[in-house]
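Take any residue in the sequence shown, count from 1 to its spot, add 684: that is its number in our numbering. Heads up, the beta-carbon is just placed ideally off N, CA and C, and yes, glycines get one too.
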Amino acid sequence: MAVSRSVPSSWDDEADVVVVGFGYAGAMTAVAAHDAGATVAILEKMLDPGGISVCSAGGLRIAADADQAFQYLHATNAGTTPDDVLRRLAQGMTELPDMARELAAVNGAVVGVRESPANYPLPGYETFGFVYIDDLPGFDASSVFPQVRGSPQGARLFKVMLDNVAKRGISVRLATPARRLVQDADGAVIGIIAESHGRRIAIRARRAVVLTTGGFEGDAEMQRQHWQIKPVMSAAFRGNTGDGIRMAQAAGAQLWHMWHFHGSYGFRHPDPSYPFAIRTKRLPDWLPGKGLREDVRMTWIVVDRSGRRFMNEYDPYMQDTGHRAMERFDPVTQRYPRIPATLIIDEEGRKLYPLGAPTYNERGLSMSWSRDNQAEIQSGVIRRAQSLEELAERIGSAPSVLRATVERWNAMCGAGQDDEFGRPPGSMVPIRTPPFYFAELWPVVSNTQGGPRHDAEQRVIDAFGQPIPRLYAAGELGSVFGHLYMSGGNLAECFVGGRIAGRNAASLPALR
């Protein structure tokens, strides 16, 4: 049970606003609520704060013009999100550079702003850019966040938020998972039941509860019930197990966007105790119709179990949609013929760059990827074959089929055009120099988009379209992105939505 109409006879703690989850959205919500005059308590289930946020690339998607940003968001959401919600995010994107500078003042972080169009050439795409924390004097990510392997920009941005929370003296309880919401007889959310050091605690929220618990990357059962594609491996963090979704559902919340996740494809480590997928090397995003940088090469092709290519291995935003071609299910054979798929390179491709990029937020874990991929060959992540015939036999495909696939690929490389799936010509690298190498590829989820529906004020909406009193959500938990994601968009909504939720929660009249 994730909600209680039985009000505790006593409370162990209380605050005006209780924030559940301590990533970017939770931190921004807490800061905004505090600055609006509220007392705030943050509950975080893990031993360390940061969640999936601290593993991110750290780029907040910004916009120069709110109307143009709305046009793009409207086009890419395809009717899955109300216009007033999208307009609020679009307006917030224009305010993010100033917001970032205000937050960065806490520790002297250097803010950088740069233009960068959105991922697809749709109305309004040119208005966008990014804001990053380009430098943080004296900050060493490996010492401050030793459990994290990810982008330095993401770590710097989270350190900025960590320092903003600390400067304000906001109460933080780590290793304190929220178990259920407490509602009064009228359905208003008035507190949280949590667990701390093995005992049940009740925390009263005098004004509101804000859920910023992230998604369900770490919950295989929730994925099975909402996604056709399976299995899907998590990229970086085990703590996001749908807690906020269940608590909101028990309070009557309507869900949205549960099918949609930000994902790609990657490797499975041969050690079953290693908890995450290892995504393939991230290559630069490219804009359809605008081409790709001439120096970008993708060394691999991907084939299904029969040995045939089935996808453009290099979508414009492969870190978001790279998994989608793997979803096909064959009802006759009762299997997914593209899961696992197989990545194939040759000796020249093996030497070009590391194929994998480990990312995680996990204590006690240490994983890197060798520059020449030799360590991964030795460990069994990548395997070697002296000929295409041997490779075909080892993946269970007909040698003649795989050889025809590779010969066709090499011919298209020579012609400078992928006639089958439209891969960017400059990225095409032939596969012809033995030995050859192969590895299983699996769908990978970086973060989910689904969760409780919210309105433009970040209020959680019930099954009948009405706000649940005194309950808000922000960030990845019920993201606005319901059809096609935009790079940096989740980070933007963590800050935009977190500020809206925090201010609105703080503005409510306090319960007596």
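At least 3 beta-carbon pairs within less than 8 Å: the segment 1155–1167 vs the segment 1056–1064: no
Local conformation of residue 1065 per DSSP, three classes: coil
Status (buried if at least 16 other CB within 10 Å, exposed otherwise) for residue 685: No answer about residue 685 holds up, because its pLDDT of 44 lies below 50 and its placement is not dependable.
Rounded distance between the beta-carbons of residue 1121 and residue 1066, thought under 8 Å: 5 Å
DSSP state of residue 1098 mapped onto helix, strand, coil: helix
For residue 1164 and residue 901, believed in contact at Cβ under 8 Å, the rounded distance: Not quite, the Cβ-Cβ distance comes to about 18 Å (not below 8 Å), so this is no contact.
Inter-stretch contact at 8 Å, needing at least 3 Cβ pairs: the segment 825–832 / the segment 760–771: no
Residues near residue 836 in its chain [Cβ-Cβ closer than 8 Å; skip 5 each side]: 742 and 825
Residue 1179 versus residue 744 - alpha carbon distance: 9 Å
Minimum length 4: unbroken alpha helix (DSSP H) runs contained in the segment 820–858: 825–828 and 836–851
Residue closest to residue 927, alpha-carbon to alpha-carbon, out of 809, 992 and 860: 860
CA nearest to the CA of residue 1131, picked from 711, 898, 1013 and 911: 898
Burial state of residue 694 (16 or more Cβ within 10 Å): exposed
C-alpha gap between residue 1080 and residue 1018, whole angstroms: 17 Å
Buried/exposed call for residue 729, threshold 16 Cβ in 10 Å: buried
Where residue 975 falls: helix, strand or coil (DSSP): strand
Closer than 9 Å to chain D by CB, residue 704: Of the chains in the structure shown, none is chain D; there is only one protein chain.
Cross-strand partners of residue 754 (DSSP beta bridge): Bridge partners of residue 754: none, in fact.
Residues near residue 1077 in its chain [Cβ-Cβ closer than 7 Å; skip 5 each side]: 1083
Per-residue DSSP class, three states only, for residue 685: Interpretation of residue 685 is limited by its pLDDT of 44, a score under 50 that renders its predicted location unreliable; no figure is taken from the coordinates.
Opening and closing residue of the beta strand (DSSP E) in which residue 951 lies: 945–952
Reduced DSSP category for residue 1151 - H, G, I as helix; E, B as strand; rest coil: strand
Run of the beta strand (DSSP E) containing residue 895, from where it starts to where it stops: 883–895
Where the beta strand (DSSP E) through residue 747 begins and ends: 744–747
Stretch-stretch touch, CB-based, cutoff 8 Å, three pairs: the segment 1139–1148 with the segment 745–753: no
Own chain partners of residue 995 with C-beta closer than 7 Å, once the 5 adjacent residues on each side are dropped: 986, 1009 and 1105
Helix, strand or coil at residue 648 according to DSSP, with G and I counted as helix: Here the chain covers residues 685 to 1196 and nothing more, so residue 648 does not appear.
Residues that DSSP places opposite residue 1044 in a beta bridge: 833
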